[in-house]
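The structure appears right after this line, and notes come after that.
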Amino acid sequence: MQSVLINMKLKAIYPGTFDPVTNGHVDIIRRAAKIFPEIIVAVASNKAKRPFLPLEARIQLVEEAIADLSGVRVLGFDNLLIDFVLEQNAGIILRGLRAVSDFEYEFQLAGMNRKLSKQIETIFLTPSENFMYISSTLVREIAVLNGDISQFVPSCVVRELQKRQSEHES
1 MQSVLINMKL
11 KAIYPGTFDP
21 VTNGHVDIIR
31 RAAKIFPEII
41 VAVASNKAKR
51 PFLPLEARIQ
61 LVEEAIADLS
71 GVRVLGFDNL
81 LIDFVLEQNA
91 GIILRGLRAV
101 SDFEYEFQLA
111 GMNRKLSKQI
121 ETIFLTPSEN
131 FMYISSTLVR
141 EIAVLNGDIS
151 QFVPSCVVRE
161 LQKRQSEHES
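Per UniProt numbering, the very first residue in the sequence shown carries number 1; after that it's consecutive.
See below:
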């Protein structure tokens with residue numbers, strides 16, 4: 001039993017909508033890959049947020065952005081996060097904290113997840129200083145207004161958003 005728990009604890013789930021994936025997300029994933037032998041980037045369908053990009057595109061962009069990393073998989077999910085974590089036999093939820101303003105929400109979320117499953121722990125990582133101000137919401141706003149997002153997102157995201165913008169304009 002103890003070895004099962006140890007193995008569970010070494011597998012981390014990094015959930016988010018990744019709409020789109022940013023350099024901040026990639027930074028967290030790369031740094032977490034140095035800590036955990038197995039990471040699942042869990043892309044939430046989250047229809048309540050009305051995503052800018054479809055789930056399949058978000059999964060593909062995350063996969064492309066981290067293609068060089070070993071021990072990292074990308075999966076979509078549409079159920080309760082705790083249920084997904086348990087289905088994947090993981091023991092850790094990994095969350096990124098950009099600013100103090102993120103902390104209150106993330107603290108509440110971690111507490112709720114702990115109530116739902118005492119065997120799952122939440123671990124917070126902060127992005128590198130270069131990425132602390134980046135958010136998917138701000139990236140989308142800049143992109144919609146035809147601004148240059150290349151310093152905020154992987155090149156695959158720039159190409160995808162430019163393609164979608166040109167399709168929308170024609």
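Cβ coordinates follow ideal geometry from the N, Cα and C atoms, glycine included.
| field | C-alpha distance - residue 12 paired with residue 62, whole-angstrom precision | value | 16 Å
| Any idea if residue 165 is buried or exposed, counting beta-carbon neighbours within 10 angstroms, 16 or more meaning buried? | exposed
| By Cβ distance below 8 Å, which residues in the same chain neighbour residue 82 in space, the five residues on each side in sequence not counted? | 113, 116, 117 and 120
| Continuous alpha helix (DSSP H) assignments of at least 4 residues falling wholly in the UniProt domain "Cytidyltransferase-like" (13-141) | 23-33, 55-65, 81-87 and 100-116
| task | With a threshold of 16 other CB atoms inside 10 Å of the CB of residue 58, please say whether the residue is buried or exposed. | result | buried
| field | Contact under 7 Å by Cβ, residue 71 with residue 110 | value | no
| For the putative contact between residue 124 and residue 106, defined by C-beta atoms under 8 Å, what is the C-beta separation to the nearest angstrom? | 7 Å
| query | If you draw a straight line from the C-alpha of residue 28 to the C-alpha of residue 167, how long is it? | reply | 32 Å
| How many angstroms separate the CA atom of residue 131 from the CA atom of residue 23? | 7 Å
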